[in-house]
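Trainee: In the numbering used here, the protein residues as written are 842 to 936.
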């Protein structure tokens with residue numbers, strides 16, 4: 842289940858160089874997602890972006906934080922780009 846989500850808050854995870862904790866809005870609910878993208882993005886770069894979220898994964902705990910989804914990104918070598926979408930309502934299904 843791929844859905845459009847808007848990042849409403851982002852912060853680094855304490856004692857974890859690679860992890861960011863994101864709060865995302867799916868339209869009908871908000872979720873916390875932990876993602877290993879801190880080496881590629883500062884938290885403030887993500888706030889307000891509409892991303893693609895894998896929304897039907899089982900929750901997992903990372904560094905004591907329950908993560909309820911995974912954001913999609915594309916990478917080549919050391920470059921990582923989070924998949925973003927514009928002009929689509931939050932919560933829309935991605936096909």
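Note that CB positions come from ideal geometry on N, CA and C, so glycine has one too.
Would you give the residue range spanned by the beta strand (DSSP E) that residue 843 belongs to?
Mentor: Locating residue 843 in the chain shown gives position 2, counting from the first residue. Residue 843 -> beta strand (DSSP E) spans 843-853.
Trainee: Here's a check: name, in chain order, each residue in its chain whose Cβ is nearer than 7 Å to the Cβ of residue 866, leaving out the five neighbours to either side.
Mentor: Taking the first residue of the chain shown as 1, we reach residue 866 at position 25. 846, 847, 849 and 931.
Trainee: Could you name the residues of the same chain whose beta carbon sits closer than 8 Å to that of residue 916, not counting the 5 residues immediately before and after it, in chain order?
Mentor: The residue you call residue 916 lines up with position 75 of the chain shown. Contacts found: 922.
Trainee: Consult DSSP for residue 870 and reduce its assignment to one of helix, strand or coil.
Mentor: Sequence index remark: in the chain shown, residue 870 carries index 29 (1-based). Residue 870 falls in the coil class under three-state DSSP.
Trainee: With burial defined as no fewer than 16 other Cβ atoms inside 10 Å of the residue's Cβ, what is the status of residue 860: buried or exposed?
Mentor: Indexing the chain shown from 1 puts residue 860 at position 19. Residue 860 should be labelled buried.
Trainee: Can you tell me whether residue 862 is buried or exposed? The criterion is at least 16 other CB atoms within 10 Å of its CB, across all chains shown.
Mentor: Your numbering for residue 862 matches position 21 in the chain shown. Buried is the call here.
Trainee: Is DSSP giving residue 913 helix, strand or coil here?
Mentor: The residue given as residue 913 occupies position 72 in the chain shown. The answer is coil: DSSP assigns residue 913 none of H, G, I, E or B.
Trainee: Taking only the alpha-carbon atoms, compute the straight-line gap between residue 896 and residue 909 and give it to the nearest angstrom.
Mentor: Start at 1 with the first residue of the chain shown, and residue 896 comes out as number 55. Start at 1 with the first residue of the chain shown, and residue 909 comes out as number 68. In a straight line, the C-alpha of residue 896 is about 7 Å away from that of residue 909.
Trainee: Check residue 863 in the structure and name its three-state DSSP category.
Mentor: Your numbering for residue 863 matches position 22 in the chain shown. Here residue 863 sits in strand by DSSP.
Trainee: According to DSSP, is residue 894 helix, strand or coil?
Mentor: Sequence index remark: in the chain shown, residue 894 carries index 53 (1-based). Residue 894 falls in the strand class under three-state DSSP.
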